[in-house]
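Residue numbers (full-length UniProt numbering), protein chains in the order written: chain W, 1 to 355; chain Y, 1 to 355; chain R, 1 to 355; chain H, 1 to 355.
The beta carbon of each residue, even a glycine, is placed where N, CA and C say it ideally should be.
Structure record follows, encoded as structure tokens.
Number of protein chains: 4
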Amino acid sequence: MSYNTFGRVFRFTTWGESHGPAIGAVVDGCPPGIALDEAAIQPWLDRRRPGTSRFTTQRREPDQVRILSGVFDGRTTGTPISLMIENVDQRSKDYSEVAQAYRPGHADYAYDAKYGFRDYRGGGRSSARETASRVAAGAVARLVVPQVRIRAWVEAIGDDTIDPANFDDAQIDANPFFCPDAAAAARWEEKVDAARKAGSSLGAVVACEATGVPAGWGAPLYAKLDSELAAAAMSINAVKGVEIGDGFAAAALSGEENADRMRPGANGPAFLANHAGGIAGGIATGQPIRLRVAFKPTSSILTPVETITRDGAAAEIATRGRHDPCVGIRGVPVVEAMVALVLADQALLHRAQCG
Amino acid sequence: MSYNTFGRVFRFTTWGESHGPAIGAVVDGCPPGIALDEAAIQPWLDRRRPGTSRFTTQRREPDQVRILSGVFDGRTTGTPISLMIENVDQRSKDYSEVAQAYRPGHADYAYDAKYGFRDYRGGGRSSARETASRVAAGAVARLVVPQVRIRAWVEAIGDDTIDPANFDDAQIDANPFFCPDAAAAARWEEKVDAARKAGSSLGAVVACEATGVPAGWGAPLYAKLDSELAAAAMSINAVKGVEIGDGFAAAALSGEENADRMRPGANGPAFLANHAGGIAGGIATGQPIRLRVAFKPTSSILTPVETITRDGAAAEIATRGRHDPCVGIRGVPVVEAMVALVLADQALLHRAQCG
Amino acid sequence: MSYNTFGRVFRFTTWGESHGPAIGAVVDGCPPGIALDEAAIQPWLDRRRPGTSRFTTQRREPDQVRILSGVFDGRTTGTPISLMIENVDQRSKDYSEVAQAYRPGHADYAYDAKYGFRDYRGGGRSSARETASRVAAGAVARLVVPQVRIRAWVEAIGDDTIDPANFDDAQIDANPFFCPDAAAAARWEEKVDAARKAGSSLGAVVACEATGVPAGWGAPLYAKLDSELAAAAMSINAVKGVEIGDGFAAAALSGEENADRMRPGANGPAFLANHAGGIAGGIATGQPIRLRVAFKPTSSILTPVETITRDGAAAEIATRGRHDPCVGIRGVPVVEAMVALVLADQALLHRAQCG
Amino acid sequence: MSYNTFGRVFRFTTWGESHGPAIGAVVDGCPPGIALDEAAIQPWLDRRRPGTSRFTTQRREPDQVRILSGVFDGRTTGTPISLMIENVDQRSKDYSEVAQAYRPGHADYAYDAKYGFRDYRGGGRSSARETASRVAAGAVARLVVPQVRIRAWVEAIGDDTIDPANFDDAQIDANPFFCPDAAAAARWEEKVDAARKAGSSLGAVVACEATGVPAGWGAPLYAKLDSELAAAAMSINAVKGVEIGDGFAAAALSGEENADRMRPGANGPAFLANHAGGIAGGIATGQPIRLRVAFKPTSSILTPVETITRDGAAAEIATRGRHDPCVGIRGVPVVEAMVALVLADQALLHRAQCG
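Next up, the structure:
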């Protein structure tokens with residue numbers, strides 16, 4: 001079943017395809033009385049918007065959001081909030097090639113295998129364009145948990161990783177890569193340009209930190225905060241890996257090394273480390289929540305690759321059109337949005353059970 | 001809310017604590033007419049059972065499963081299947097220390113922060129003992145998707161990884177580490193012994209492969225197979241990282257390298273690679289499903305570590321008692337079970353929507 | 001939590017208020033490959049449309065539906081179907097009275113008690129206008145279960161009930177009351193006119209029958225077909241009672257009278273009666289599904305009634321504006337839609353579990 | 001799909017058949033810190049227990065509940081509460097007749113049509129025995145909403161209804177019929193005896209009132225309190241009708257008659273009537289919640305009735321064994337339990353969204 005809803009009590013449902021008339025989200029379960037208008041959502045969409053630099057797709061979308069319901073006199077009413085973003089730049093082109101042959105790495109073959117056919121225009125439902133709906137919904141989620149600050153950045157493009165010693169929060173929004181390391185950003189400019197010109201693409205690692213999450217949010221086992229965050233991150237197009245805290249590196253540590261020791265602190269414990277990424281037993285410890293997300297390289301590349309047609313014949317395909325040379329870059333606001341959506345949901349769930 | 005249910009139409013709910021009278025699971029939505037008795041479940045539990053070697057906890061549990069409902073004349077009836085495993089070896093001991101002080105890396109502090117108090121006996125609900133319920137439920141799930149073969153193994157303990165060249169499927173059940181590389185298994189014997197004797201513990205990486213999954217299972221976006229598998233794996237105690245296919249390594253590849261090229265094959269495409277781990281756009285491609293799961297080192301260690309008490313005073317704590325020196329080892333049957341549970345659910349969902 | 005989603009695998013979510021820019025629904029889980037365009041939905045909306053006779057509200061809404069996603073080349077793709085209906089005739093008026101004083105029988109006071117404030121324009125989310133979204137979604141549901149024929153009608157307005165001896169299916173769409181008894185329709189004309197002129201309103205009973213539902217759809221207990229239909233019907237504005245089969249009358253029968261005896265039939269049993277309304281143990285028996293639904297009289301009446309203001313002061317209020325003198329009449333297409341939505345969901349669920 | 005879970009955040013799942021080893025429920029999402037032991041549940045089970053008078057089935061079940069998880073030191077921990085009741089009196093008998101022929105009015109044929117076969121011993125999953133699990137879960141729910149008082153009674157057996165003028169709350173637990181009218185109880189003794197001796201059975205109407213529900217619980221539309229209560233009541237075996245407030249009688253009222261007028265009161269409005277049954281727009285108004293539930297006559301009767309066999313041959317069947325002559329009587333504690341379960345869930349949901 002194509003479930004397109006995420007969340008338990010603060011829930012959102014997205015709809016829309018790359019080349020349909022519009023995309024959107026319905027946010028349900030939002031508390032009433034929160035100040036909300038389009039201006040509170042638009043800046044987050046603008047951060048994700050395509051066409052803002054030569055390092056993202058050249059599709060020109062204003063990504064102007066409209067609130068169609070759930071808000072009255074500038075405040076949420078507690079009823080579903082319908083958000084719509086019109087598709088403006090669905091450039092008419094010839095899709096006959098992609099309609100007939102499967103692009104390796106893409107969802108083309110899998111969709112055909114599942115549904116018998118597919119909307120091949122620009123990737124249809126599997127297009128990264130869907131993530132604009134998440135960012136819009138995420139902007140609402142942020143308002144539900146105003147005490148939380150969520151900050152993501154690109155940690156690596158391809159095999160080139162930032163130097164933690166250079167980490168500067170102020171840099172993140174100062175370059176087209178959401179890169180906190182100015183030196184790395186300079187290198188990436190060349191690197192991404194080269195990939196773009198070669199008709200190739202690059203993967204990326206996005207890191208995210210949420211501070212201000214109170215100890216106690218989350219829940220054991222099947223609603224573990226780790227599990228919800230992993231599901232949220234993995235639901236984003238092109239994501240193939242998630243780590244909470246030290247993640248795979250923790251597997252190489254000993255129990256003593258991995259233990260986040262505690263000392264008496266002002267409010268609860270003062271932790272001496274945060275290998276756990278702020279989550280123990282699925283529940284927030286009050287430390288910063290930390291996660292890392294791996295984006296594979298964009299599947300749409302100009303370089304021709306071996307494939308087959310719908311009829312099973314051998315073929316070669318090159319994906320012409322406008323594509324992100326590194327889809328992970330614009331993943332930054334999307335990861336932030338998903339984290340906000342998980343935390344808003346968990347905040348309400350915690351209040352439900354624990355008052 | 002402490003959701004303890006997993007799945008959408010093939011669903012299971014687990015209950016029980018380490019030191020209560022029993023643990024169990026209720027499996028709902030199982031198709032009718034499937035041959036099922038305790039003997040079909042017990043072997044899987046036996047693989048996970050504690051106390052079978054000196055490399056796992058010395059708690060002695062027979063882990064004998066009883067089917068209390070949902071089966072008649074040896075076949076599933078389509079009604080909920082209640083599975084119960086009695087706790088036998090809840091050794092009486094003095095819990096005053098762990099009741100008062102928080103074990104770093106453990107769920108102790110987080111549970112107290114959330115619920116105001118906790119069942120401190122043996123970890124309560126956060127104990128790895130809960131995973132026996134998953135293995136029992138997973139045994140039922142396997143019967144729902146008999147065409148699928150699911151196989152997990154330990155790929156690394158601490159920083160010592162197997163040599164893929166030595167991979168031998170027959171080895172996996174031939175040593176106490178579920179290790180497919182005989183040479184590595186020999187090294188790990190020493191390594192785990194050393195950690196155990198030092199009162200330390202080790203992390204591990206578990207890999208899993210599911211073959212026979214037909215192209216088409218899974219669904220876009222919020223029910224992406226990647227997302228469901230990540231949520232499933234991350235819901236296991238001590239797991240902090242999940243990768244599908246190449247995972248984080250894919251982030252370092254170029255689009256051409258990462259493309260799983262296709263040639264005409266006997267049934268659908270013959271893929272030339274499987275960087276995607278058998279999933280594209282959230283939907284199975286028919287290739288083997290591949291994932292990797294990172295287990296942190298067991299938090300319960302004999303080495304004393306700095307901590308605080310419930311009253312906020314400075315303290316030191318060493319976790320006496322019987323613990324797995326490397327909880328990832330017994331994670332192998334648990335990862336397999338979770339993969340089986342996800343696939344059974346997705347198989348039914350696919351049938352619901354696509355006939 | 002204001003859950004605005006209905007269904008388990010064939011699910012829909014509605015959004016929108018009476019006086020916002022639009023209302024709509026997102027249908028998720030629809031099987032792929034079903035022929036669908038606006039023309040397949042519009043006729044059902046036209047049946048529910050206000051302003052078609054003097055016996056319904058005089059609000060003039062074209063209720064033109066737009067499909068924004070989930071359809072490609074005239075067929076459903078298996079991805080979410082977004083349906084939108086613009087609000088055209090939100091006549092500007094002075095809402096100061098209704099903003100300040102609670103209309104008895106209305107949701108006004110309850111919304112304020114829950115949310116702290118409310119969108120008072122035309123009833124906001126509690127307006128019967130929301131049911132247009134259900135009718136649109138229901139039109140899609142019908143296409144999922146084409147073997148089923150769903151037919152509802154008004155059985156009583158106020159205390160005036162049709163004569164079963166006069167039942168004529170062809171009459172139902174031949175008068176403005178969806179009344180299968182021409183004689184009753186004639187009487188109702190006067191009755192509803194009188195109520196309208198007196199500034200009063202009337203309740204109604206709607207009956208519904210679904211034929212062609214195969215034995216086996218439905219499920220025991222918490223997803224009993226009776227339970228799903230009751231939830232569906234009771235979720236409609238103004239509904240306060242539901243009966244399956246003989247309903248309350250069955251409580252006055254003896255076991256022998258109530259037993260639906262069986263004889264050998266062509267395909268399964270030939271039933272001699274249908275007291276159970278086509279459902280036994282929560283599962284369809286293959287007989288027609290029969291239910292009855294009670295609509296209370298429209299709460300919006302011109303007759304002034306005693307009430308209080310938001311500040312707790314005594315007041316009197318008369319609801320001016322355009323209202324249905326008998327909201328049950330336009331309930332007919334809504335009940336049909338909800339039955340279609342339940343059956344589409346159950347059809348897919350049955351296929352999921354029982355193949 | 002045989003969903004056996006009810007509730008959104010306070011959820012319970014039941015399992016078990018009439019003649020299996022045990023039945024039970026898992027309660028999930030219960031707030032932590034609530035005093036709970038078996039003694040807090042047992043009295044509610046004792047009220048429902050069979051064999052306590054000659055007017056209920058003569059099956060002798062102690063219905064002793066055991067808490068297997070979720071409670072520590074006499075308080076709920078916030079983790080799932082597993083409740084188990086052993087089946088003791090599964091009298092061995094010859095089921096060959098009922099295995100072969102379908103009992104009219106029973107779930108026999110429908111189960112076979114759905115699942116291909118069924119557990120025919122004592123009704124299997126469709127047995128009223130399952131309701132013991134609901135009563136146990138409901139006892140926990142009551143503790144979640146201690147401010148609410150829930151009281152149900154039998155209002156009619158067959159066509160003999162109580163006289164409201166005789167209503168005496170103290171009578172309800174003073175006779176074997178949960179009848180608030182002593183005169184009616186006397187009449188019913190004869191009536192039920194006569195039915196029992198004739199091998200017949202009787203239907204019943206159960207009424208229920210919940211006081212102390214604060215204005216604001218509930219939610220619009222698909223989680224309307226009316227809808228949740230209707231689904232809950234209709235999920236009980238043998239229930240075929242539900243009314244909220246005046247229910248079907250409201251359909252015969254005019255808008256003025258049905259309006260629950262308000263005057264200034266001490267805390268919120270003083271209502272002059274309660275036609276709405278304490279719910280407007282799906283949300284509690286603070287008035288008593290009132291509902292009525294119709295139980296059909298027990299399907300198991302000694303009188304032989306015409307039927308068919310599994311092979312489609314004509315047959316006649318009489319249901320020997322121990323059965324309730326009027327299953328609605330023991331429905332009283334079950335309706336109360338379901339109302340408690342709905343209200344506990346809604347209380348937590350309200351807290352989630354509205355703080």
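**Asked** Using DSSP with H/G/I as helix, E/B as strand and the rest coil, what is Trp-217(H)?
**Response** Within the fourth sequence, the letter at position 217 stands for residue 217(H). Reduced to three states, the DSSP call for Trp-217(H) is coil.
**Request:** Between the Cα of Arg-320(H) and those of Ala-107(H), Arg-121(H), Leu-348(H), spot the shortest distance and give me the residue it belongs to.
**Result:** For the purposes of this step, residue 320(H) is identified with residue 320 of the fourth sequence, where counting begins at 1. Ranking the options by Cα distance to Arg-320(H), first place goes to Arg-121(H).
**Request:** Alpha carbon to alpha carbon, how far is Pro-180(W) from Ala-165(W)? Give it in angstroms, no decimals.
**Result:** If you number the first sequence from 1, residue 165(W) lands on position 165. If you number the first sequence from 1, residue 180(W) lands on position 180. Ala-165(W) and Pro-180(W): Cα-Cα distance of roughly 10 angstroms.
**Message:** Using the three-state DSSP reduction, which class does Leu-343(R) fall into: helix, strand or coil?
**Reply:** As a working note, residue 343(R) is residue 343 in the third sequence. In the structure shown, Leu-343(R) sits in a helix (DSSP, three-state: H, G or I).
**Message:** Please identify, using Cβ separations under 7 angstroms, the residues of the region 71-96 of chain Y that lie next to chain H, in order along the chain.
**Reply:** Phe-72, Thr-77, Gly-78, Thr-79, Pro-80, Ser-82
**Message:** Measuring only the C-alpha atoms, how far is Arg-47(R) from Ala-99(W)?
**Reply:** Residue numbering aside, residue 47(R) sits at position 47 when the third sequence is read from its first letter. Residue numbering aside, residue 99(W) sits at position 99 when the first sequence is read from its first letter. Rounded to the nearest angstrom, the two C-alpha atoms are 39 angstroms apart.
**Message:** Check this for me: beta carbons of Val-27(Y) and Ala-107(Y), under 8 angstroms apart or not?
**Reply:** If you number the second sequence from 1, residue 27(Y) lands on position 27. If you number the second sequence from 1, residue 107(Y) lands on position 107. No, Cβ-Cβ distance for Val-27(Y) and Ala-107(Y) is not below 8 angstroms.
**Request:** Figure out for me which residue from Cys-208(W), Ala-276(W), Leu-302(W), Gly-218(W) has the closest Cα to the Cα of Gly-7(W).
**Result:** Your numbering for residue 7(W) matches position 7 in the first sequence. Out of Cys-208(W), Ala-276(W), Leu-302(W), Gly-218(W), Gly-218(W) has the C-alpha closest to the C-alpha of Gly-7(W).
**Item:** Within 8 angstroms, strictly: CB atoms of Ile-23(H) and Gly-33(H)
**Value:** One-based indexing of the fourth sequence puts residue 23(H) at position 23. One-based indexing of the fourth sequence puts residue 33(H) at position 33. No, the Cβ-Cβ distance between Ile-23(H) and Gly-33(H) is not below 8 angstroms.
**Item:** Opening and closing residue of the beta strand (DSSP E) in which Gly-51(Y) lies
**Value:** In the second sequence, counting from the first residue as 1, residue 51(Y) sits at position 51. Neither: Gly-51(Y) is in no beta strand (DSSP E) and is coded neither H nor E.
**Item:** Identity of the residues DSSP links to Glu-256(R) by a beta bridge
**Value:** Taking the third sequence and counting its residues from 1, the one referred to as residue 256(R) is at position 256. Answer is none; Glu-256(R) lacks a bridge partner.
**Assigned secondary structure, Phe-10(H) (DSSP; H/G/I helix, E/B strand, else coil)** = Here residue 10(H) refers to the residue found at position 10 when the fourth sequence is read from its first residue. Reduced to three states, the DSSP call for Phe-10(H) is coil.
**Prompt:** Under a three-way DSSP split, which group does residue 363(H) fall into?
**Reply:** Here chain H has residues from 1 to 355 only, and residue 363(H) is not among them.
**Prompt:** Whose C-alpha, out of Gly-255(H), Gly-20(H), Gly-328(H), is nearest the C-alpha of Ile-157(R)?
**Reply:** As a working mapping, residue 157(R) is identified with position 157 in the third sequence. Ranking the options by Cα distance to Ile-157(R), first place goes to Gly-255(H).
**Message:** Run through the DSSP bridge pairs and tell me what Ala-210(R) is partnered with.
**Reply:** By 1-based counting over the third sequence, the position of residue 210(R) is 210. DSSP output for Ala-210(R) lists Ile-150(R), Ile-289(R) as bridge partner(s).
**Request:** Report all residues from its chain with a CB closer than 7 angstroms to the CB of Val-135(R); omit the five preceding and five following residues, and keep chain order.
**Result:** Taking the third sequence and counting its residues from 1, one reaches residue 135(R) at position 135. Correct list, in chain order: Trp-44, Leu-45, Arg-48, Pro-333, Val-334, Ala-337.
**Message:** When you compare the region 233-247 of chain R with the region 69-88 of chain H, are there three or more beta-carbon pairs, one atom per stretch, that lie closer than 8 angstroms?
**Reply:** no
**Request:** Examine chain Y for any beta-carbon lying closer than 8 angstroms to the beta-carbon of Ile-341(R), and answer yes or no.
**Result:** Along the third sequence, read from residue 1 onward, the residue named residue 341(R) stands at position 341. Per the sequence shown, the amino acid found at residue 341(R) is Leu instead of Ile. Output row for Leu-341(R): interface = no.
**Message:** Spatial neighbours of residue 358(Y) within its chain, please: C-beta separation below 7 angstroms, excluding the five flanking residues on both sides.
**Reply:** Because chain Y spans 1 through 355 in this model, residue 358(Y) falls outside it and cannot be assessed.
**Request:** Might you give, ordered along the chain, the residues of its own chain that have their beta carbon closer than 6 angstroms to the beta carbon of Met-1(Y), omitting 5 neighbours on each side?
**Result:** Mapped onto the second sequence, residue 1(Y) falls at position 1. At Met-1(Y), the pLDDT of 44 sits below 50, so the modelled position is not reliable; the number obtained from the coordinates is stated separately. None.
**Short Cβ contact (8 angstroms threshold) for Thr-307(R) with Arg-103(R)** = Residue mapping note: residue 307(R) aligns to position 307 of the third sequence, counting from 1. Residue mapping note: residue 103(R) aligns to position 103 of the third sequence, counting from 1. Contact: yes.
**Request:** With DSSP collapsed to three states, give me the class of Met-1(R).
**Result:** What you label residue 1(R) is simply residue 1 of the third sequence in a count that begins at 1. Only weak support is given to the placement of Met-1(R): the predicted model assigns it a pLDDT of 44, under 50, and the value that follows is read from those uncertain coordinates. Three-state DSSP puts Met-1(R) in coil, outside helix and strand.
**Item:** Contact list for Pro-31(R) against chain Y, beta-carbon separation under 9 angstroms
**Value:** Working through the third sequence from its first residue, we reach residue 31(R) at position 31. What Pro-31(R) touches in chain Y: Ala-352, Gln-353, Cys-354, Gly-355.
**Asked** At least one CB of chain Y closer than 8 angstroms to the CB of Trp-15(H): is that the case?
**Response** If you number the fourth sequence from 1, residue 15(H) lands on position 15. Output row for Trp-15(H): interface = yes.
**Asked** With a CB to CB cut of under 6 angstroms and the five nearest residues on each side skipped, what residues in its chain are close to Ile-236(Y)?
**Response** The residue labelled residue 236(Y) in the question sits at position 236 within the second sequence. Around Ile-236(Y): Val-334.
**Asked** Under 8 angstroms, do Ala-347(R) and Val-145(R) count as touching if we go by C-beta distance?
**Response** The residue given as residue 347(R) occupies position 347 in the third sequence. The residue given as residue 145(R) occupies position 145 in the third sequence. It is a contact, given that the beta carbons lie within the stated cut-off.
**Message:** For Arg-351(Y), tell me which candidate among Phe-10(R), Thr-5(R), Tyr-3(R) has the shortest Cα-Cα distance.
**Reply:** Here residue 351(Y) refers to the residue found at position 351 when the second sequence is read from its first residue. The option with the nearest alpha carbon to Arg-351(Y) is Phe-10(R).
**Item:** Inter-stretch contact at 8 angstroms, needing at least 3 Cβ pairs: the region 172-179 of chain R / the region 48-65 of chain R
**Value:** yes
**Item:** Alpha carbon of Gly-116(R) to alpha carbon of Ala-250(H), nearest angstrom
**Value:** The residue labelled residue 116(R) in the question sits at position 116 within the third sequence. The residue labelled residue 250(H) in the question sits at position 250 within the fourth sequence. Approximately 29 angstroms between the Cα atoms of the pair.
**Message:** Mapping the DSSP letters down to three states, classify Val-332(W) as helix, strand or coil.
**Reply:** Taking the first sequence and counting its residues from 1, the one referred to as residue 332(W) is at position 332. Three-state result, Val-332(W): helix.
**Message:** Am I right that Ala-232(W) and Leu-341(W) are in contact with their C-beta atoms under 8 angstroms? What's the rounded C-beta distance?
**Reply:** Counting from 1 along the first sequence, the entry for residue 232(W) is found at position 232. Counting from 1 along the first sequence, the entry for residue 341(W) is found at position 341. Between Leu-341(W) and Ala-232(W) the Cβ distance is about 7 angstroms, and since that is below 8 angstroms, they are a contact.
**Request:** Would you mind stating whether Asp-63(R) and Ala-132(R) have Cβ atoms separated by less than 8 angstroms?
**Result:** As a first step, residue 63(R) must be located in the third sequence, where it is residue number 63. As a first step, residue 132(R) must be located in the third sequence, where it is residue number 132. Yes, Cβ-Cβ distance for Asp-63(R) and Ala-132(R) is below 8 angstroms.
**Request:** Report yes or no: do the region 198-216 of chain R and the region 282-290 of chain R share at least 3 C-beta pairs separated by less than 8 angstroms?
**Result:** yes
**Asked** Is there at least one Cβ from chain W nearer than 8 angstroms to Pro-62(R)'s Cβ?
**Response** In the third sequence, counting from the first residue as 1, residue 62(R) sits at position 62. Taking Cβ atoms only, chain W never reaches closer than 8 angstroms to Pro-62(R), which makes this a no.
**Message:** With a threshold of 8 angstroms between beta carbons, is His-106(H) in contact with chain R?
**Reply:** Residue mapping note: residue 106(H) aligns to position 106 of the fourth sequence, counting from 1. Closer than 8 angstroms: yes.
**Request:** Return the Cβ separation of His-323(H) and Thr-298(H) in integer angstroms, given the expectation that the two are a contact with Cβ distance under 8 angstroms.
**Result:** Stepping through the fourth sequence from its first residue, residue 323(H) is reached at position 323. Stepping through the fourth sequence from its first residue, residue 298(H) is reached at position 298. Contact flag correct, Cβ pair sits at about 6 angstroms.
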